[in-house]
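264 is the number of the first residue of the sequence shown in my numbering; add one for each residue after it.
Notes follow the structure.
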Amino acid sequence: MHNQEMKHLMRGAWILSLSSLIAKILSAVYRVPFQNMVGDTGFYAYQQIYPIYGLGMTFALSGFPVYISKLVAEADSDEAKLTVAHQSRVILTWISWALFLGLQIFGGVIAQAMADPELLPLIQTVAFMFLTMPLLATGRGYFQGTFDMAKTATSQVVEQVVRVAVILLAAWW
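Next up, the structure:
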């Protein structure tokens, strides 16, 4: 690996590390005001639903992007890279709709399994997040595969800011 390539990769690693740190700080800072706003009952509901959200975000921001980035990096032309991204987005769209519909249809069963039927509307609401998965995963995977870590880092911070803002606005409302 040439010196210039190594510098580019190290810069990308630093950018991703910094964006991860910012995202973690944002994630930690909002919890105290959030719990004060919603009380123990609201925080209980949040804790029950958050694993579903976390699963979707793991798919969208970690698992699928890594696989897509590998395919994009191995593609031999810009056109092939775009084709990989497009095909990945189509496949993930089908998967995300299946997950969304599954949560809409079987949300009641899940809420019963969680021993709290009142969680159903929250399960159905968080299901909409799965519909963002194709765009987030293919975007992040494509940019990682083309070694454009600045866009990946920006998406990471923006996702966290939007998540915290939505949570706090919903709690306030």
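Even glycine gets a Cβ: it sits at the ideal position worked out from N, Cα and C.
Boundaries of the alpha helix (DSSP H) around residue 308: 294 to 321. Setting aside the 5 residues that flank it on each side, residue 377 is surrounded in the same chain by 311, each with a C-beta closer than 8 Å to its C-beta; the list follows chain order.
For residue 349, the enclosing alpha helix (DSSP H) covers residues 341 to 376. Residue 338 carries a coil assignment under DSSP once its states are collapsed to helix, strand and coil. If you look at residue 408, you'll find it in the alpha helix (DSSP H) that goes 396 to 408.
In this structure, the beta-carbon distance from residue 401 to residue 355 falls below 9 Å. With fewer than 16 other Cβ atoms inside 10 Å of its own Cβ, residue 304 counts as exposed. With contacts defined as CB atoms closer than 9 Å, residue 352 and residue 397 qualify as a contacting pair. For residue 277, the secondary structure class from DSSP, reduced to helix, strand or coil, is helix.
Residue 265 carries a coil assignment under DSSP once its states are collapsed to helix, strand and coil.
The segment 310 to 327 and the segment 370 to 387 touch, with three or more beta-carbon pairs separated by less than 8 Å.
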